[in-house]
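Student:
Chains as they are written, first to last, in my numbering: chain F, 319 to 619; chain S, 696 to 885.
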């Protein structure tokens, strides 16, 4: 074989897919051709080096162990078996029925009890509050281990569960139970006002009562958004329905940022600011906080 | 009966019937394949191992959808390629390129042998692998690695990479030829 073979063939010398005929011809040529022998040896060496380097870099078991660890965890929650396939078929058969029941429960006339309290906190929310005839400092947390307890004045109750709800007690009453899902007042002559959350169920004077959503949500901080026209004087205004002045209420729920625009520009939602009779320019003065010392009615979201 | 005697489809059937440990046998069978397939595109050893691991986890999750009439390796490499594409899209550092070898990122694997000599050997080998693979054009890397490291048949490579058989053969030849030339140059330089 005088003519050197195609390099494709030459570099495939170790390839198991090389045909027997080609291999015989090639080996016969290599015995007599130094140049081709050198080329074939170089190609073989490069390939061998690559293979051995990969073999050293690859550690068997690392990928398997890590993947199987994840797979075992995933399989605990959901295995891709035929059984789970059957379960999912059942799910799709039952799903419409479940949806109808949930829908009916959601819109039934009887309100759903939404508050399963797991923790109840109570704080004095005015300077004149008294517990068992003893004056309590504003903001002081009331320990409710020893009941019954006589309450006089303003107290904020915060019930923490999946949602946090708060209401304020104003007046006189006896707190006789504050266990899980049970908050009971006796001999009450007081006002109970929801200040945060959706709905709270309590027992007052032997009757189950639901403290529902107030027309005005109170006790939330109103913070001016940055860049809003009309500078609001105070950074944080706390509005309270029944209190004589601004009160710092310790409420677990997060404050809601509201967009306050103190101008006569049309607003995206309906905001009615009821100004005193003497006020001629209710909200156009950019230096005056329009929410200070004025009753506020908000309609919309 | 040794697990090596089970076919891929038999192992898959066992897994789908609830014997998830059989999936470990499948991983053992193909972890090197996925590893080497990924090294053709990535320069970071840790990334290769992470994506290989993710490939098998994803394959397990979607095992029901595997068509037993097709090749498991091709399906596995398709999953791996898709994860790789997502990864590259998210992390621009890993974009396949022909950067200088000095920029190769090497991070120690969490499960790596703690023996410093073995670690160094592994690190050095990886550096050299990246160097060699980066000396090849991107289009020839995958067929070459699948052929040389995993000894996959040309026909299987063509199916897995969705390429004509002759293209696969040509690319592997090109890779062999270039690797030899580059190795010569490298040795002359060093």
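Even glycine gets a Cβ: it sits at the ideal position worked out from N, Cα and C.
#1: Where does the unbroken alpha helix (DSSP H) through residue 837/S begin, and where does it stop?
#2: Out of 812/S, 852/S and 703/S, which one is the CA nearest neighbour of residue 764/S?
#3: Ignore the nearest five residues each way along the sequence and tell me which others in residue 850/S's own chain have a CB closer than 7 Å to its CB.
#4: What is the rounded straight-line gap between the Cα of residue 477/F and the Cα of residue 506/F?
#5: Using 8 Å as the threshold, is the stretch 723-733 of chain S in touch with the stretch 741-753 of chain S, meaning 3 or more CB pairs across them?
#6: At which residues does the alpha helix (DSSP H) containing residue 782/S begin and terminate?
#7: Quick one, which of 701/S, 847/S and 715/S has its alpha-carbon nearest residue 394/F's?
#8: Below 8 Å CB to CB, which residues in the same chain sit around residue 465/F once its five sequence neighbours on both sides are set aside?
#9: Which residue comes first and which comes last in the beta strand (DSSP E) that contains residue 500/F?
#10: When the cut-off is 8 Å and only beta carbons count, does residue 774/S lie next to chain F?
#11: Hey, how far is the Cα of residue 413/F from the Cα of residue 483/F?
#12: Residue 827/S touches chain F at which residues, Cβ-Cβ below 9 Å?
#13: Is it the case that the Cβ atoms of residue 368/F and residue 843/S are separated by a distance below 8 Å?
#14: Between the stretch 375-392 of chain F and the stretch 349-366 of chain F, do at least 3 Cβ pairs fall closer than 8 Å?
#15: Within 8 Å (strictly less), CB to CB, does residue 389/F reach chain S?
#16: Confirm, please, whether the CB-CB distance from residue 385/F to residue 722/S is below 8 Å.
#17: Reducing DSSP to helix, strand and coil, say where residue 457/F ends up.
#18: Taking residue 334/F as the reference, give the member of 737/S, 847/S, 873/S and 858/S with the closest Cα.
#19: Per DSSP, what kind of secondary structure is residue 377/F in: helix, strand or coil?
#20: Which one of 867/S, 863/S, 836/S and 707/S has the shortest CA to CA distance from residue 761/S?
#21: Along the chain, where does the beta strand (DSSP E) that runs through residue 527/F open and close?
#22: Residues of chain F with CB closer than 9 Å to the CB of residue 854/S, please, in chain order.
#23: Output, in sequence order along the chain, the residues in the stretch 740-753 of chain S whose CB is closer than 7 Å to any CB in chain F.
#24: Give me the residue from 814/S, 776/S and 833/S with the minimum Cα distance to residue 866/S.
Tutor: So, from the data block:
#1: Following the DSSP letters along the chain, one finds residue 837/S inside the alpha helix (DSSP H) bounded by residues 833-843.
#2: 703/S
#3: 860
#4: In this structure, the straight-line span from the alpha carbon of residue 477/F to that of residue 506/F is close to 20 Å.
#5: Cβ pair count under 8 Å is three or more, so yes.
#6: 767-785
#7: 715/S
#8: 493, 494, 495 and 496
#9: Neither: residue 500/F is in no beta strand (DSSP E) and is coded neither H nor E.
#10: Under the Cβ criterion of 8 Å, residue 774/S is not counted among the residues facing chain F.
#11: 32 Å
#12: What residue 827/S touches in chain F: 364, 367, 368 and 371.
#13: Yes, the Cβ-Cβ distance between residue 368/F and residue 843/S is below 8 Å.
#14: no
#15: yes
#16: yes
#17: coil
#18: 847/S
#19: DSSP places residue 377/F in the coil class of the three-state scheme, outside both helix and strand.
#20: 707/S
#21: Taken as a continuous stretch (DSSP letters only), the beta strand (DSSP E) holding residue 527/F covers 525-529.
#22: Correct list: empty, because the minimum Cβ distance to chain F is about 15 Å.
#23: 740, 744, 747, 748, 751 and 752
#24: 833/S
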